[in-house]
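Chains as they are written, first to last, in the working numbering: chain A, 1 to 275; chain B, 1001 to 1382.
Glycine included, every Cβ here is placed at the ideal spot set by N, Cα and C.
Following: one structure in structure tokens, then a few remarks.
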């Protein structure tokens, strides 16, 4: 499948007001009381598709590790108080699937939309599902986004989420538009594959990739790093669903590349792409 | 290649195993329904799972473990087959109740953890460990269509030979955030009677329930149902209500039929979503009328939420397991609570459990917040 457009937002923790202001400049959609998570997603999706004639049978897939975590955190602060009343928008904002509805509404898309999670590999698994639907002609175009808020506002967040490299988790909204049309594409996703060990992975990958990007856990996998070291690109920014960012990093280079993602249980997913 | 349901399980308000559930369901009639309901809802207007009196965290784990292991047992999977299960989960509130418990303990100085987890991926990891699965779990969050969408994906992957077998789990347990949210949206019934498509319906009654479905590329029993087709479309009308015309709901059902090259006359029954909310009563009724008009045929309609409560993201697999088990026991379940039709209702739902052959073709319809509409057709006819 071929990549036709991309867009990325990667910022240190910014307020919902700032993103709302940016959104207001490009869309009339009313997200006045909506979560930062929703706004980040809609903003990224609109910018990723601004020069695209959207396909009639577009599938929208949003991958997220934490969902609308800032709103969940806010709701949790009062949920156990006696006589607490959950306000409608506070509830709607923690209903994480609303994000894909708002993206669909902003784009006036009528096809399927999904929010998907798979611990530490949310983007990779979502892209795999989207690719499958494209393969079986269930959809004709894919808009896939990886959206996560910075965890800065969640007290002691390191207690709950494993970080391999002590990275700061930023606000992120990274998007790709893909279909089977090769003309004028930015690149091609050639293959997405799962492996259950680094040994199996290393035995099955080519030795000729121009560039290799690694997610946080793969960066700390000595077997992989020692074997592939010379081609590994430096990955600076980080956010929850970082896989999308790593793929966008690789699109900066010409050639045939590999992205390797690993989770904490030694599950691996590779994405092979050609630019 | 076909995808068959070779094992399933359900834990819900009327039992924690299919035998008890069918026994209890058979004992409900339209005459006893209201009386039963008063008993069920006496403490809270909510269909609760009984006999799992643990902390929210432990309760979540125990119920999930029960449905997973029961379904695996029924499908008679070998250890190798169990480890080869691809895992698909669907839920609306995920593990919100456990996080509420952790927050409470934290605020009362009983724990130094404010949450159990950030994000929901750890639930998948819990199931991966339960099954010793080689595969990474994927969680679907599409509100009330979460588990049916998960099931549709899993079956298609089996059909296209991407995977051999899968487990699909729908889960929804009580939590204050969801109950309070529905309450603040004024969607909950005050009369405490669940009445889909009824003139006197005054809203939803939420419930908790978990179910698991094992899908395989070969049938194990003669009566195993197979996946025929499905459809998922987005209704952009509103975040919380369907397009009042009913057209997007009609399109989901009609597309599922088209994808299967079937007509309404080929269906033995439609299981409606039927939440009992004013908007759903009206829009789904219009959608069904459009479907029957388009095909110039009608079929039987039933609704299961008066039995289970609205189990949100889990209602997909919960209602599939319930209706398939009823069919295996040779009846189609009744739509309890229905007495007086809303205006222009094009059908009368099944009013008492109706004897049926245990070979059926059924369409199950689901409608979710965020306009996520899904329909799925299952059959065990040759």
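Please return the same chain residues whose Cβ sits closer than 7 Å to the Cβ of residue 97 of chain A, not counting the five positions on each side in sequence.
These residues qualify, in order along the chain: 115.
Please classify residue 1356 of chain B: does DSSP put it in a helix, a strand, or coil?
Correct three-state label for residue 1356 of chain B: coil.
At 8 Å on the CB atoms, spell out the chain A contacts of residue 1233 of chain B, in chain order.
What residue 1233 of chain B touches in chain A: 110, 111 and 112.
Mapping the DSSP letters down to three states, classify residue 1032 of chain B as helix, strand or coil.
Three-state DSSP puts residue 1032 of chain B in a helix.
Which of helix, strand or coil does DSSP assign to residue 1320 of chain B?
In this structure, residue 1320 of chain B counts as helix in the three-state DSSP scheme.
Counting only C-beta atoms, is residue 121 of chain A closer than 8 Å to chain B at any point?
Yes, residue 121 of chain A counts as interfacial toward chain B.
Counting Cβ pairs closer than 8 Å, one from the region 1130-1145 of chain B and one from the region 137-146 of chain A, do we hit at least three?
In short, these stretches do not touch, since the Cβ pair count stays below three.
Per the DSSP calculation, residue 176 of chain A is bridged to which residue(s)?
Residue 176 of chain A pairs with A/6 and A/144.
For a contact meaning CB atoms closer than 9 Å, what does residue 249 of chain A contact in chain B?
Those within 9 Å of residue 249 of chain A in chain B number zero; the least Cβ separation is about 23 Å.
Looking at the secondary structure, which residues open and close the beta strand (DSSP E) in which residue 1372 of chain B lies?
Counting along the chain, the beta strand (DSSP E) containing residue 1372 of chain B begins and ends at 1372-1379.
Using alpha carbons as the reference points, say which of B/1113, B/1242, B/1076 and B/1153 lies closest to residue 73 of chain A.
Minimum Cα distance to residue 73 of chain A is reached at B/1113.
Express the C-alpha separation of residue 1305 of chain B and residue 1210 of chain B in angstroms, rounding to a whole number.
Between residue 1210 of chain B and residue 1305 of chain B, the C-alpha separation is close to 14 Å.
So with CB distances below 8 Å, who are the chain B contacts of residue 196 of chain A?
The answer, in chain order, is 1134.
Assess, as a yes-or-no matter, whether the region 43-50 of chain A is touched by the region 202-212 of chain A under the definition of 3 or more beta carbon pairs within less than 8 Å.
Output reads no: the region 43-50 of chain A does not touch the region 202-212 of chain A.
For the putative contact between residue 1047 of chain B and residue 1309 of chain B, defined by C-beta atoms under 8 Å, what is the C-beta separation to the nearest angstrom?
Sure, about 3 Å apart at Cβ, within 8 Å.
Kindly give me the distance between the Cβ atoms of residue 251 of chain A and residue 39 of chain A, rounded to whole angstroms, as I take these residues to be in contact under 8 Å.
The Cβ separation is near 25 Å, so there is no contact.
Would you please state the rounded distance, in angstroms, between the beta carbons of residue 1135 of chain B and residue 1087 of chain B? I believe it to be under 8 Å.
That pair is a contact at about 6 Å.
Taking only three categories from DSSP, how would you classify residue 1240 of chain B?
Here residue 1240 of chain B sits in coil by DSSP.
Report the three-state DSSP secondary structure of residue 1249 of chain B (helix, strand or coil).
Residue 1249 of chain B: helix per DSSP, three-state reduction.
Tell me the DSSP secondary structure of residue 119 of chain A in three-state form.
In this structure, residue 119 of chain A counts as coil in the three-state DSSP scheme.
State the beta-bridge partners of residue 114 of chain A as determined by DSSP.
BP columns for residue 114 of chain A point to A/61.
Give the residues of chain A in contact with residue 1113 of chain B, contact being defined as C-beta atoms less than 7 Å apart.
Within chain A, the residues near residue 1113 of chain B are 159.
Report the three-state DSSP secondary structure of residue 1326 of chain B (helix, strand or coil).
It is helical.
Whole-angstrom Cβ separation of residue 256 of chain A and residue 274 of chain A, contact assumed at under 8 Å?
Indeed, because the Cβ distance is near 5 Å, the residues count as touching under 8 Å.
Count the CB pairs spanning the region 230-240 of chain A and the region 182-189 of chain A that are closer than 8 Å, and state whether there are at least three.
They do not touch, by the three-pair rule.
Do the CB positions of residue 1223 of chain B and residue 1329 of chain B come within less than 8 Å of each other?
Their beta carbons are not under 8 Å apart, which means residue 1223 of chain B does not touch residue 1329 of chain B by this criterion.
When we look at the beta-carbon of residue 25 of chain A and count the other beta-carbons within 10 Å, is it buried (16 or more) or exposed?
That one is exposed.
Measure how close the beta-carbons of residue 1364 of chain B and residue 1267 of chain B come, nearest whole angstrom, since I'm counting them as under 8 Å.
About 10 Å separates the two Cβ atoms, so there is no contact after all.
Verify the CB distance criterion: does residue 1160 of chain B have a CB-CB separation below 8 Å to chain A?
Closer than 8 Å: yes.
Do the CB positions of residue 1390 of chain B and residue 1231 of chain B come within less than 8 Å of each other?
The shown model of chain B, from 1001 to 1382, leaves out residue 1390 of chain B, and the question about it has no answer.
Beta carbon of residue 1248 of chain B, beta carbon of residue 1233 of chain B: below 8 Å?
Cβ distance < 8 Å, so residue 1248 of chain B and residue 1233 of chain B count as in contact.
Can you tell me where the beta strand (DSSP E) with residue 1362 of chain B in it begins and where it stops?
Here the beta strand (DSSP E) through residue 1362 of chain B covers 1361-1368.
Smallest Cα separation from residue 1361 of chain B: which of B/1262, B/1188, B/1313 and B/1152?
The option with the nearest alpha carbon to residue 1361 of chain B is B/1262.
In terms of alpha-carbon separation, which member of B/1060, B/1302, B/1338 and B/1102 lies closest to residue 1323 of chain B?
The candidate whose alpha carbon is nearest that of residue 1323 of chain B is B/1302.
With a 10 Å radius around its C-beta and 16 neighbouring C-beta atoms as the bar for buried, classify residue 1337 of chain B as buried or exposed.
By the 10 Å Cβ count, residue 1337 of chain B comes out buried.
Taking only runs of the alpha helix (DSSP H) that begin and end inside the region 1139-1221 of chain B, which ones reach a length of at least 4 residues, in chain order?
Runs of the alpha helix (DSSP H) inside the region 1139-1221 of chain B: 1146-1159 and 1176-1184.
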